[in-house]
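Trainee:
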Amino acid sequence: MDEGTELSLTIAQIVQRLKGSHLHSQIERQAKECLHQPDIKLESLKEDVRSFLKTSGWERQLQNAVYRELHVQLPPSHPAAPPEHLKEPLAYMRKAQASWEKRVLKSLNSMSTELEVPLARMRPAVEQKELTNKWNEMGTDEPDLSRFRPVYAPKDFLEVLISLRNPNHDSSEDVSVRSHWGLIQVPLNVRDIPQLRQVYSELNLTTGQLGIDDHAHIHPVVVEQDSAAAQQYSRQGCPTGLRADLWALILNSTNQPQDVMHYEQLMAGVIQHDLMVDNLIYKDVKLTASNDDYYFVFEDFLYQVLLCFSRDTAVLDHFKYNSATPPKSYIQAGKVGDEECAVVYPPNGVIPFHGFSMYVAPLCFLYNEPSKLYSVFREMYIRYFFRLHSISSSLSGIVSLCLQFERLLQTHLPQLFYHLRQIGAQPLRIAFKWMVRAFSGYLSTDQLLLLWDRILGYDSLEVVAVLAAAVFAFRAENLMEVTSLASAEAVLADLSTLKVMPLIQIFLFATAI
248 MDEGTELSLT IAQIVQRLKG SHLHSQIERQ AKECLHQPDI KLESLKEDVR
298 SFLKTSGWER QLQNAVYREL HVQLPPSHPA APPEHLKEPL AYMRKAQASW
348 EKRVLKSLNS MSTELEVPLA RMRPAVEQKE LTNKWNEMGT DEPDLSRFRP
398 VYAPKDFLEV LISLRNPNHD SSEDVSVRSH WGLIQVPLNV RDIPQLRQVY
448 SELNLTTGQL GIDDHAHIHP VVVEQDSAAA QQYSRQGCPT GLRADLWALI
498 LNSTNQPQDV MHYEQLMAGV IQHDLMVDNL IYKDVKLTAS NDDYYFVFED
548 FLYQVLLCFS RDTAVLDHFK YNSATPPKSY IQAGKVGDEE CAVVYPPNGV
598 IPFHGFSMYV APLCFLYNEP SKLYSVFREM YIRYFFRLHS ISSSLSGIVS
648 LCLQFERLLQ THLPQLFYHL RQIGAQPLRI AFKWMVRAFS GYLSTDQLLL
698 LWDRILGYDS LEVVAVLAAA VFAFRAENLM EVTSLASAEA VLADLSTLKV
748 MPLIQIFLFA TAI
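Residue numbers (this note's numbering): 248 to 760.
#1: Leaving out five residues before and five after S481 in sequence, what residues of the same chain have Cβ atoms less than 7 Å from its Cβ?
#2: What do you reckon, are the CB atoms on L742 and V711 nearer than 8 Å?
#3: For L408, count neighbouring C-beta atoms within 10 Å of its own C-beta (all shown protein chains included) and say buried if the count is 16 or more, exposed if not.
#4: Using 8 Å for Cβ pairs, my map puts Q694 next to V437. What's the rounded Cβ distance?
#5: Of the choices Q284, Y577, W347, whose alpha-carbon is the least far from that of E586?
#6: Are the beta-carbon atoms belonging to Q472 and R368 less than 8 Å from one another?
#7: Hey, would you say L554 sits closer than 8 Å to D525, going by beta carbons?
#8: Have a look at Y592 and K619 and give me their C-alpha separation to the nearest angstrom.
#9: Does DSSP put D492 in a helix, a strand or coil?
#10: State the CB to CB distance for the pair L667 and P661, rounded to an integer number of angstroms; the pair is presumed to be in contact (CB under 8 Å).
#11: Decide yes or no for the touch test of the segment 557 to 564 against the segment 530 to 548: beta carbon pairs closer than 8 Å, at least 3 of them.
#12: Got a sec? Which residues, its chain only, sit under 7 Å from P749 by beta carbon, not counting five neighbours each side?
#13: Is Y399 helix, strand or coil when you go by DSSP?
#14: What does H318 pair with, by DSSP beta-bridge criteria?
#15: For a test of the three-state rule: what should DSSP assign to M727, helix, strand or coil?
#16: Mind checking P504: buried by the 16 CB within 10 Å criterion, or exposed?
#17: Does the separation of the CB atoms of T658 and D439 fall below 8 Å?
#18: Counting pairs of Cβ atoms below 8 Å between the segment 598 to 605 and the segment 512 to 528, do you hit three or more?
#19: Who does V591 pair with in a DSSP beta bridge?
#20: Alpha carbon to alpha carbon, what distance is there between H636 and P486?
#21: Verify whether the separation of the beta carbon atoms of L663 and A685 is less than 8 Å.
#22: Can you tell me whether DSSP reads A367 as helix, strand or coil?
#23: In the DSSP assignment, what are the bridge partners of H520?
#24: Can you give the beta carbon distance from R490 to L613, rounded, assuming they're within the 8 Å contact cut?
#25: So which of D539, F633, K533, Q669 has the shortest CA-CA distance to T572?
#26: Tell me whether L256 sits in a helix, a strand or coil according to DSSP, three-state version.
#27: State the start and end residues of the unbroken alpha helix (DSSP H) segment that holds Q662.
#28: Residues in the same chain with beta-carbon distance under 7 Å from F754, minus the five sequence neighbours each way, listed in chain order, please.
#29: Closer than 7 Å by C-beta to L450: which residues in its own chain qualify, once you throw out the five before and the five after it? Chain order, please.
#30: Let me check understanding here. Comparing Cα to Cα, which of E511, Q479, S604, A476 lies closest to L534?
#31: Use the C-beta contact count for G671: other C-beta atoms within 10 angstroms, 16 or more gives buried, fewer gives exposed.
#32: For I459 and G484, I'd like the C-alpha separation in whole angstroms.
#33: Below 8 Å on the Cβ atoms is my contact criterion, and I expect P574 with L352 to pass it. Report the Cβ-Cβ distance as a whole number of Å.
#34: Using alpha carbons as the reference points, say which of A400, P434, E406 lies closest to N415.
#35: If E316 and R276 are in contact, beta carbons under 8 Å, what's the gap, nearest whole angstrom?
#36: Is L405 near A343, with beta carbons less than 8 Å apart?
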């Protein structure tokens, strides 16, 4: 397609999506109401209404909504392309993802059968009342979760990624012997340091990086309520006092009355129905955030947000551009195998895994209003986090991040890579758990938020792979001394004292190439 056709197609898709939105009806109502104003003249009606919408701030809201749609819609493609190609262009990736989904769903259904716990049930009135009363203190509840286990852990997922192969690729054609050093053996294009330097030019060593409260006054970006400007601004870090507003602005999470109402409806859904995945959420929070020095205080918030998230069918929209497909199961007794009775389960199409609650935990430092926290998390998930646990060829997908991490290490620290490989301590086996959680739970919270500033600022998860490589570079001297996987893991066990931005900057801009 030529650029003109591509642009018209994108515009048409965005217009179509915004037409049914609450914002569209609000703008329409405002435009009608402004017709009664004396300064709106019939002979210049169109211009006057436009001018009114601009001065009253509605034009800016529309711009932010369009900017958001550009981030969450499918990339323009040929009109004749089948839907599965839009989700993921490479057939072997689609096949691997489908196979992984079957395995995860089988594990979930087996657990339901073995434990004799239904996938979903209506709560009796007494239980509904109890849950309503303790909604804000669910952390005090101690249900017996000993029989439940996470459906899968990151290390299970890593094994699947390691086994990925492109059947059409002859690896003997690879010029570099090093291409066989790593665990990821798929040919994807990932950026090397010279390319990364161009893309992340604002992170160079001579440009100041924010992130401490050195701009406590309200910044013009916040006043102007411009999503695009806020995104550009956060590339150099957000001042602590403004981060919550800037992130919400970048994500266009406005927390309007209708958003609060949507959250309350989800909450009502949690109170009415008990899902088996609720136990997996409880178990995950207990295993991760509840044991974390930074996050244990947010236990109640995490339950609220994650239980509501599991019921949110609006999340299903992101499967249009996610290589994954929402799982379907049978929640009616006696209907197993009847395709007509298969329903998306859980309702949001996302089965939580070990560590999932750590995607929400850091956001609790920024937002203390549950509906606001919820809308920011949901937007972060459908833009970024879903890519960390689905198999795709996306530049921000976990496969590309693993490959990029390995290539950066192989190219710039070949001796270290070779040494670790020889002693059976493949670097990716250590770094994978950091990357799959975007470092949540591994860095101190202030440093993690600085990293996530850049994910939002550059609209990419690439910086996660860069940081993982930079950590190995920083600890290279100690790692060259280790003689086993266990001792390599010990050297890298505690990342809580690391300063994220100097590490990334030095690795990107001071490494010899």
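For every residue, glycine included, the Cβ atom is placed at its ideal position computed from N, Cα and C.
Mentor: Here's the rundown:
#1: Cβ neighbours of S481 beyond the five flanking positions: L493, I497, D700, L703, G704.
#2: Cβ atoms of L742 and V711: not closer than 8 Å.
#3: Classification for L408: buried.
#4: Contact doesn't hold; Cβ gap of about 24 Å is too wide.
#5: For E586, the nearest C-alpha among the options comes from Y577.
#6: Taking 8 Å as the Cβ cut-off, Q472 and R368 do not qualify as a contacting pair.
#7: Result yes, Cβ atoms of L554 and D525 sit closer than 8 Å.
#8: When rounded, the separation of the alpha-carbon atoms in Y592 and K619 is 25 Å.
#9: Note: D492 maps to helix in three-state DSSP.
#10: Rounded to the nearest angstrom, the Cβ distance from L667 to P661 is 11 Å, too far for a contact under 8 Å.
#11: Contact between the segment 557 to 564 and the segment 530 to 548 is absent, because fewer than three Cβ pairs lie under 8 Å.
#12: Residues of the same chain with their beta carbon placed closer than 7 Å to that of P749 are lacking, with the five preceding and five following residues left out of the count.
#13: Shown here, Y399 sits in coil according to DSSP, grouped into three states, outside any helix or strand.
#14: Residue pairing from DSSP leaves H318 without any beta-bridge partner.
#15: Of the three classes helix, strand and coil, the one that applies to M727 here is coil, per DSSP.
#16: Residue environment analysis places P504 among the exposed positions, since fewer than 16 neighbouring C-beta atoms fall within 10 angstroms of its C-beta.
#17: For the 8 Å CB-CB criterion, T658 and D439 form a contact.
#18: Cβ pair count under 8 Å is three or more, so yes.
#19: V591 pairs with K575.
#20: So the two alpha carbons sit approximately 30 Å from each other.
#21: In this structure, A685 does not lie closer than 8 Å to L663 by Cβ.
#22: For A367, the secondary structure class from DSSP, reduced to helix, strand or coil, is strand.
#23: When beta bridges are read from the DSSP output, H520 appears opposite M369.
#24: R490 to L613, Cβ: 6 Å. Contact.
#25: Comparing Cα positions, the closest option is F633.
#26: For L256, the secondary structure class from DSSP, reduced to helix, strand or coil, is helix.
#27: That run of the alpha helix (DSSP H) goes 661 to 669.
#28: If we look at F754 and ignore the five residues flanking it on each side, its Cβ neighbours are V713, A716, A717, A720.
#29: Only I751, Q752, L755 meet the Cβ criterion.
#30: Closest option to L534, Cα to Cα, is S604.
#31: The residue is exposed, with fewer than 16 neighbouring Cβ atoms inside 10 Å.
#32: Confidence is the limiting factor: at I459 the pLDDT is only 45, short of 50, which leaves the residue's position unreliable, though a coordinate-based value still follows. Put simply, the backbone Cα of I459 is about 9 Å away from that of G484.
#33: The beta carbons of P574 and L352 sit about 5 Å from each other, so the pair counts as a contact at 8 Å.
#34: When only C-alpha atoms are compared, the closest one is P434.
#35: 21 Å between Cβ atoms; not a contact.
#36: Their beta carbons are not under 8 Å apart, which means L405 does not touch A343 by this criterion.
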